[in-house]
Amino acid sequence: MLHNGTRMLDFATAYVAKRARMGLPPVSAETIAYGRAVELVTQGMRRVDLLTGRDVAAVVRSTQAEVLRIARQQQFDQIVKSVMAHGDRYQVRLAGDAKMENKARAHRGKPQVPAESLVVEIAMKQVSESMPTNRLTVDDARGAARIIGLHVSTMPEARHVWAGALTQGRSLGAR
17 MLHNGTRMLD FATAYVAKRA RMGLPPVSAE TIAYGRAVEL VTQGMRRVDL
67 LTGRDVAAVV RSTQAEVLRI ARQQQFDQIV KSVMAHGDRY QVRLAGDAKM
117 ENKARAHRGK PQVPAESLVV EIAMKQVSES MPTNRLTVDD ARGAARIIGL
167 HVSTMPEARH VWAGALTQGR SLGAR
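Quick note on my numbering: the sequence shown kicks off at 17 and runs consecutively.
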């Protein structure tokens, strides 16, 4: 399912449409795709007569869970990489936005937040608006922000790049 999942889902979607045209009851495309995967795996096995329906159902459930876990991990990795690239590309603008946010917080009487944290938060918001994040949980987003924040705070060149505009007073138009 990991390697051929989209192709199998396309096959299943076409099969479901064909069933609908024939007037047969509807079946989910995902069920058809996993059924086809079971069929393909059992064709390569010698002794399938020892398998029960319960065994097959358990394998399908565990495969579905694993596919979702891997898709979630890929989405997590992609958002971390995208936020890092976004932060590198728009470092000056993000630093200026963080500076304005801290000024606004001070004006409202709220405590200021470290510039690196605000830059990471702003970059995460901007990137997540243009990327699919449907598989990520709130804890995943916090973990991604923590990883990016650690990267920014532990690497001297990254700290200089991401928050340098705040400490050096560079203009927003300069890069």
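Glycine included, each C-beta is placed from N, C-alpha and C at the ideal position.
Note that the structure is predicted; figures quoted are calculated from it, not measured.
If you count every other CB in all the chains shown that lies within 10 Å of the CB of residue 138, and 16 or more means buried, which is it?
buried
Can you tell me whether residue 38 is buried or exposed? The criterion is at least 16 other CB atoms within 10 Å of its CB, across all chains shown. exposed
### Cβ neighbours of residue 53 in the same chain (closer than 7 Å, five flanking residues each side left out)
17 and 24
query = With respect to the alpha helix (DSSP H) encompassing residue 71, which residues constitute its N-terminal and C-terminal limits?
reply = 69-105
Since I believe residue 167 is in contact with residue 61 (beta carbons under 8 Å), could you give me their beta-carbon distance rounded to a whole number of angstroms? Between residue 167 and residue 61 the Cβ distance is about 46 Å, and since that is not below 8 Å, they are no contact.
field: Of the listed residues 122, 85, 116 and 125, nearest to residue 153 (C-alpha basis)
entry: 85
Point to revise | residue 166 in three-state terms, based on DSSP | key: helix
Distance between residue 79 and residue 116 (C-alpha atoms, nearest Å)
48 Å
Check your understanding: At what residues does the alpha helix (DSSP H) containing residue 26 begin and finish?
Key -> 21-38
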